[in-house]
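**Q** Provided herewith is a single structure, encoded as structure tokens, for subsequent inquiry.
Residue numbers (the working numbering): 375 to 514.
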């Protein structure tokens with residue numbers, strides 16, 4: 375478990391955490407993939423994540439370290455499970471490739487889709503991984 379103050383938000387699924395000893399580490403939110411910088415809802419996702427965590431004490435249940443050296447984990451601001459909240463608000467996709475068996479995240483995305491919140495209000499939302507690869511079609 376990592377704990378500290380969020381001192382930066384890179385995008386809708388990444389942040390910078392300052393640990394009590396002053397070390398700064400990069401955190402990637404487990405199981406979600408927020409829109410890329412040039413995608414619809416990218417700014418909204420970044421702002422919402424910032425509202426939830428910036429300059430606040432957060433806890434990170436670390437599950438992995440990714441290929442870029444970021445800690446990947448479940449982020450909590452108080453009692454709020456931030457990863458789930460971002461999905462519930464329709465500001466990220468459930469990243470099933472890495473978290474297929476996480477029913478909490480699956481349910482949060484399903485509810486946002488059903489309600490047409492955030493990215494699900496778009497006629498043809500494009501998963502960030504597809505956007506990065508140049509394939510602009512939604513993929514289930």
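The beta-carbon is built from N, C-alpha and C at its ideal position, and this holds for glycine as well.
What is the DSSP secondary structure of residue 513, reduced to helix, strand or coil?
**A** Counting from 1 along the chain shown, the entry for residue 513 is found at position 139. In this prediction, residue 513 has a pLDDT of 47, which is less than 50 and means its spatial position is unreliable; nothing more can be read from the coordinates.
**Q** Just mark residue 441 as buried or exposed, buried being the case when its beta carbon has 16 or more other beta carbons within 10 Å.
**A** Mapped onto the chain shown, residue 441 falls at position 67. Exposed, because fewer than 16 other Cβ atoms sit within 10 Å of the Cβ of residue 441.
**Q** Grab the span of the beta strand (DSSP E) containing residue 400 for me, first residue to last.
**A** Stepping through the chain shown from its first residue, residue 400 is reached at position 26. Segment 398–403, the beta strand (DSSP E) holding residue 400.
**Q** Quickly, what does DSSP pair residue 451 with across the bridge? List them, please.
**A** For the purposes of this step, residue 451 is taken as the residue at position 77 of the chain shown. Its beta-bridge partners are 454.
**Q** With burial defined as no fewer than 16 other Cβ atoms inside 10 Å of the residue's Cβ, what is the status of residue 476: buried or exposed?
**A** Here residue 476 corresponds to residue number 102 of the chain shown, with the count starting at 1. Per the 10 Å Cβ criterion, buried.
**Q** Output needed for residue 405: all residues of its chain with C-beta closer than 7 Å, excluding positions within five of it in sequence on either side, in chain order.
**A** Working through the chain shown from its first residue, we reach residue 405 at position 31. The residues are 457, 468, 469, 472, 473, 476, 479.
**Q** Quick check on DSSP: helix, strand or coil for residue 382?
**A** As a position in the chain shown, residue 382 is number 8, starting the count at 1. Note: residue 382 maps to strand in three-state DSSP.
**Q** Would you tell me roughly how many angstroms separate the C-alpha atoms of residue 446 and residue 439, rounded to the nearest one?
**A** As a first step, residue 446 must be located in the chain shown, where it is residue number 72. As a first step, residue 439 must be located in the chain shown, where it is residue number 65. So the two alpha carbons sit approximately 6 Å from each other.
**Q** Which residues does DSSP list as the beta-bridge partners of residue 431?
**A** Working through the chain shown from its first residue, we reach residue 431 at position 57. Paired residues: 379.
**Q** Give every residue of the same chain whose Cβ lies closer than 6 Å to the Cβ of residue 434, excluding the five residues on either side of it in the sequence, and list them in chain order.
**A** Against the chain shown, residue 434 aligns to sequence position 60. Cβ within range, chain order: 376, 401, 447, 449.
**Q** Name the DSSP beta bridge partners of residue 468, please?
**A** Position 94 of the chain shown, counting from 1, holds the residue named residue 468. Answer is 406, bridged to residue 468.
**Q** Which first and last residues belong to the alpha helix (DSSP H) in which residue 497 is found?
**A** In the chain shown, residue 497 corresponds to position 123, counting from 1. Premise fails: residue 497 is in no alpha helix (DSSP H) and is neither H nor E.
**Q** For residue 463, name the three-state secondary structure that DSSP assigns.
**A** Counted from its first residue, the chain shown places residue 463 at position 89. Residue 463: coil per DSSP, three-state reduction.
**Q** Could you compute how far the alpha carbon of residue 463 sits from the alpha carbon of residue 396?
**A** By one-based count along the chain shown, residue 463 stands at place 89. By one-based count along the chain shown, residue 396 stands at place 22. If I take the Cα positions, the gap works out to 32 Å.
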